[in-house]
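Contents: one structure, followed by commentary.
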Amino acid sequence: MNNHWLQGLNPAQREAVTYGAGPLLVVAGAGTGKTRTLACRVAHLIRNGTTPERILLLTFTRRAAAEMIRRAEELAACDATGRVWGGTFHATANRLLRHYGQAIDLPTDFTVIDEADAADLMNLIRNERGLGDRGRRFPRKQTLAAIYSRTVSAGDKLDAVLKRQFTWCLHEFDAIAEIFVEYTRRKREANVLDYDDLLLAWRTLCESAGAGETVAGRFDHVLVDEYQDTNRVQSDILRALRRSNRNIMVVGDDAQSIYSFRAATIRNILDFPDQFPGTHIVKLEENYRSTQTILDAANSVMAPARERFTKSLWSSRPSRHKASLVTCLDEAEQCRIVCERLLRHLERGVPLMRQAVLFRAGHHSDQLEVELARRKIPFHKFGGLKFIEAAHIKDMIAILRILENPGDEISWFRVLLLLPGIGAKTAGRIMGELGVRGGGDGGAPPAKENGERHRRPRAASVTTPLKRMIDAPPRPPADARRAFEDLRATLKDCSTQPAPPIVSQIERICEFYRPLFEARYDNHPMRLRDLEQLEQIAGRYRSRGSFITDLTLDPPTSTSELAGAPYLDEDWLTLSTIHSAKGCEWQVVHILHVADGMIPSDMALVDDEGAEEERRLLYVAMTRAKDDLYLYFPLRYYHRKHAAGDAHSYAQLSRFLTPDVRRHLHEQGAVIEALATGPRAGSIRAMDEKTNRQWMPDAN
DNA sequence: CATTTATAAATTTTT
DNA sequence: TTTATAAATG
483 MNNHWLQGLN
493 PAQREAVTYG
503 AGPLLVVAGA
513 GTGKTRTLAC
523 RVAHLIRNGT
533 TPERILLLTF
543 TRRAAAEMIR
553 RAEELAACDA
563 TGRVWGGTFH
573 ATANRLLRHY
583 GQAIDLPTDF
593 TVIDEADAAD
603 LMNLIRNERG
613 LGDRGRRFPR
623 KQTLAAIYSR
633 TVSAGDKLDA
643 VLKRQFTWCL
653 HEFDAIAEIF
663 VEYTRRKREA
673 NVLDYDDLLL
683 AWRTLCESAG
693 AGETVAGRFD
703 HVLVDEYQDT
713 NRVQSDILRA
723 LRRSNRNIMV
733 VGDDAQSIYS
743 FRAATIRNIL
753 DFPDQFPGTH
763 IVKLEENYRS
773 TQTILDAANS
783 VMAPARERFT
793 KSLWSSRPSR
803 HKASLVTCLD
813 EAEQCRIVCE
823 RLLRHLERGV
833 PLMRQAVLFR
843 AGHHSDQLEV
853 ELARRKIPFH
863 KFGGLKFIEA
873 AHIKDMIAIL
883 RILENPGDEI
893 SWFRVLLLLP
903 GIGAKTAGRI
913 MGELGVRGGG
923 DGGAPPAKEN
933 GERHRRPRAA
943 SVTTPLKRMI
953 DAPPRPPADA
963 RRAFEDLRAT
973 LKDCSTQPAP
983 PIVSQIERIC
993 EFYRPLFEAR
1003 YDNHPMRLRD
1013 LEQLEQIAGR
1023 YRSRGSFITD
1033 LTLDPPTSTS
1043 ELAGAPYLDE
1053 DWLTLSTIHS
1063 AKGCEWQVVH
1073 ILHVADGMIP
1083 SDMALVDDEG
1093 AEEERRLLYV
1103 AMTRAKDDLY
1113 LYFPLRYYHR
1123 KHAAGDAHSY
1133 AQLSRFLTPD
1143 VRRHLHEQGA
1153 VIEALATGPR
1163 AGSIRAMDEK
1173 TNRQWMPDAN
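Count along the first sequence from 1, then add 482; that gives the number in this note's numbering.
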């Protein structure tokens, strides 16, 4: 047989690609050709007789799966697209549960809610119970959602999680537990699954007696990428999934685990050989990406960390020069220097496509984005706030979700609150009358039954809240009549039989939503474009249900903020959070804000583990670079709270850039150069020069 | 009494 | 820019 897909693989990669049956753990350092190895293995399996449909490839993003399958298909010279099962754990769970959900009594027409929706439901329950009142310091809705998610994903007890991660909430243990019980009940009633439910239900399905075997039996081979960033539930799923055969390959790097906030645990990768006895381990240590000097710098950052799978990454790429540490006066100078560097590399023939600017938190690039726009440098931003999280998009989707799943309490509530004259109380009453379950029982004051108006449904089994809304709507308060009637007409127009095309539904909803939205937001022209974009995306879908699900499971990640006219057509720069940069590489990488408080983030420093993860984060960022790496350190940060003032504080260089690390860096920057050539900052001469400037007329 | 408006405060990373 | 609380309004 022609083994051409094995050409150009090194011995370790080849071993991983051609390994036979049984558990295989591939420890793959940064840039060691992990994607290629996975793609080749898929190709190898197919060429050796495995049916594509019987391969399951689990990756961190849908994009990564699509890319790998495309490459495998190319290598194996076959059509594997849409045949190999590929995607995220969550997307795969969704697919399987739609199929086999009945086996665990799960209605298969559930809708999926994101974390913000989950938080809203938590909030609803909290307010019903009056738990946030009386000035008690009670966790906010997002905190509640975070605690919940962490608890179920890690499979820990609530009190353990609170003790370890949320100590300040410990005194509210009972109330929190109560909210969580009710939260689960309400999700089931509304027939919605949150992100964690998808995994939990998949695990339940896999572990169930009959259907579990069927699901496991569907796949001859399971391959998992980024295994260091999976959680307990996910590893349970894998174990249950491999009950009929033990063909499983996991690939990961414990030095790159950066998702512990999502309850990912490196125990999964470390304990894999114990969970799957007889595991064969292959280490990929030759780095094809970076120059040796960049690797030296990155390795020195990791040196103090205790890495369990010891690897020694090496590169045969010649090292032209060291990575740079650029000290800047302040953030404005950082922006300026980044832009200059970008353009200098561009002039020397490195297109923007091969350059990236990375940062810890989404808002760290705010100033730079303004500067890029000013200079008309086009860019796409990945990570940070997403399209789907904008309030006006959520409003639109909520209406679609009501149409799709009339029991969806969260969406009803959100939509009713949009109507002027309707607040939380009225919305609750209307929902009660529509028969949307929720606040009905469980210790909460029952929704007021305004006796004469409350309709008792004759045929509750066929009447949904949506039908009731259309045929026998509750009476809204007088000042909300008009808007309420509008909503009713909209819902009616969108739910005719046969259902209108999804784009027409969105158009119709927009018509209803437009006036409300213009009254609500002052920057509506900008937001209006988002609505148009939503409509555009919807055009690619035939089913409303899959549109909504895809939007929550795989939301558009890049805000294509095309700064100005595309001067340098088709070429654009990548701005990305470090998390979203995982698995990517660029010729030139710029890392912003390498200062204590940013990397490591202050928020992460509650415990040692958090600090270590920040270290890995910096490591991940640095190892994205192939040829040139710049770390930027602004000395001063202005406090923007008092908008006018120039109050500022001085930053500390990131604690990870120890003297040992700095030996591998070339230090430069205006400040350094000024110090080298001009008078020392602390000298008498410098003082006099500064004073002398006071006699001079102001340049501005 | 419920809703709207005003004011103050806080703000990581993502499926 | 969003979110919780307090005051004002209908």
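Glycine residues also receive a C-beta, built at the ideal position from the N, C-alpha and C atoms.
This structure is a prediction, so every number in the text was calculated from the model and none was measured.
query	result
Can you say whether Asn530 is buried or exposed, counting buried as having 16 or more other CB atoms within 10 angstroms of its CB?	exposed
With DSSP run on the structure shown, which of helix, strand or coil describes Ile740?	coil
Take Asp923 and list the residues in its own chain whose beta-carbon comes closer than 7 Å to its own, dropping the five residues that flank it on each side.	Confidence is the limiting factor: at Asp923 the pLDDT is only 35, short of 50, which leaves the residue's position unreliable and the question unanswerable from this model.
Go ahead and pull the three-state DSSP assignment for Met1080.	coil
Let's test the definition: count the other Cβ atoms within 10 Å of the Cβ of Ala960 and tell me whether it reaches 16, buried, or not, exposed.	exposed
Hey, would you say Phe1138 sits closer than 7 Å to Arg1097, going by beta carbons?	yes
Curious, which full-length alpha helix (DSSP H) runs of at least 4 residues does the segment 555-608 contain?	571-582
Going by DSSP, what residues sit across from Phe841 in a beta bridge?	Thr1059
Classify His803: buried if its beta carbon has 16 or more other beta carbons within 10 angstroms, exposed otherwise.	exposed
By the three-class DSSP mapping on this structure, what secondary structure does Lys645 have?	helix
Going by DSSP, name the residue or residues bridged to Ile763.	Leu507
How is the alpha helix (DSSP H) around Asp679 delimited, first residue to last?	677-689
Rounded to the nearest angstrom, what separates Tyr1055 and His1072 at their Cα positions?	The displayed chain sequence assigns Leu, not Tyr, to residue 1055. Cα-Cα distance, rounded: 11 Å.
Among Ala880, Ile819, Ala814, Ile551, which has the Cα closest to the Cα of Asp848?	Ala814
Quick check on the burial criterion: 16 or more other C-beta atoms within 10 angstroms. Buried or exposed for Thr686?	buried
So Leu538 and Val704 are in contact, right, with Cβ under 8 Å, and what is the actual spacing, rounded?	5 Å
Tell me the rounded alpha-carbon separation between Leu613 and Tyr501.	56 Å
Since Gly511 and Asp735 should fall inside the 8 Å C-beta cutoff, what is the C-beta to C-beta distance between them, to a whole number of angstroms?	6 Å
Name the two residues that bound the continuous alpha helix (DSSP H) containing Glu829.	813-829
Say whether the segment 883-895 touches the segment 665-674, bearing in mind that this needs 3 or more beta-carbon pairs closer than 8 Å, one atom from each stretch.	yes
Provide the residue(s) that pair with Ile1073 in DSSP beta bridges, ordered along the chain.	Leu840, Leu1113
Ends of the beta strand (DSSP E) at Gln1150?	1147-1150
Using the Cβ count rule (16 or more neighbours within 10 Å means buried), how would you classify Tyr665?	buried
Rank Leu527, Ser1028, Gln757, Ile870 by C-alpha distance to the C-alpha of Ala598 and give the top, closest one.	Ile870
What residues in its chain sit with their C-beta under 7 Å from that of Asp641, if we drop five residues either side in the sequence?	Phe655
With a threshold of 7 Å on Cβ separation, who are the neighbours of Val918 within its own chain once the five nearest residues in sequence on each side are excluded?	Gly889, Glu891, Trp894, Pro947
Ile748 by DSSP, collapsed to three states: which one?	coil
Below 6 Å CB to CB, which residues in the same chain sit around Pro755 once its five sequence neighbours on both sides are set aside?	Thr761
Please classify Gln837 as buried or exposed, where buried requires at least 16 neighbouring CB atoms within 10 angstroms.	buried
Please report the residue range of the beta strand (DSSP E) in which Gly1027 lies.	Unbroken run through Gly1027 is the alpha helix (DSSP H), 1026-1035; no beta strand (DSSP E).
Taking Arg577 as the reference, give the member of Arg1175, Ile658, Asp1032 with the closest Cα.	Asp1032
In the DSSP assignment, find the unbroken beta strand (DSSP E) run with Val704 in it and report its ends.	703-706
Which of the three DSSP states is assigned to Lys858 in this structure?	coil
Could you give the residue range of the beta strand (DSSP E) that holds Val732?	730-734
Of the choices Arg1106, Arg990, Asn1174, whose alpha-carbon is the least far from that of Tyr770?	Arg1106
Leu916: which of Gly1065, Ala954, Ile881 sits nearest, CA to CA?	Ala954
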